[in-house]
Structure formats: structure tokens, C-alpha cells
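Undergrad:
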Amino acid sequence: MGVPVDSVKICYSPFSRTTETARVVAGVLGVPFEGPSCKATVELRERYFGPSYELLSHEKCFNK
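Using my numbering, the first residue of the sequence shown is number 3, and each one after it goes up by one.
1) Can you tell which of Ser-39, Thr-20, Glu-48 has the C-alpha that lies nearest to the C-alpha of Ile-12?
2) Based on DSSP bridge pairs, tell me the residues matched to Lys-41.
3) Counting C-beta neighbours from all protein chains within 10 Å, is the total for Val-7 16 or more, i.e. buried, or is it exposed?
4) Can you give the Cα-Cα distance for Phe-35 and Glu-48, rounded to whole angstroms?
5) Applying the 10 Å Cβ sphere with the 16-neighbour rule, what's the burial state of Val-26?
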């Protein structure tokens, strides 16, 4: 693809779905996945921002 392999850095969260995506991207770019160019980064994990309001009625959301 014209990208120098030594300048590619792939950071991903430690979740399995992002690890698999990072592995695929590394393969497409020709970057060794097991090595210094690819790193699981804990700071990229999803964050918990409190209770979910999904699938609740407006009444239940506003009365919390």
C-alpha cells in the first residue's frame, strides 16, 4: 500500500472484537500483529457513564 511498515502503529482496546479488527488491519497493511507495531491500549476501552436509559420510556427516564 506504500506505507512504510516501520512507521505504522496500531492501537486497539483489549476487547476481542477490536483485537480481531486490529489483526485484520495489520494483515492488510503487512504489519506483524505480534510485535511493537500493534498494542492493546487499556485507555481505549469503552467507559461506563452510568445506568443505561435505552429501552426506557420517557416517563421512567425523567423520574429517575
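Cβ coordinates follow ideal geometry from the N, Cα and C atoms, glycine included. Remember, it's a predicted structure, so these values are computed and weren't measured experimentally.
TA: Here's the rundown:
1) Ser-39
2) Cys-13
3) exposed
4) 22 Å
5) exposed
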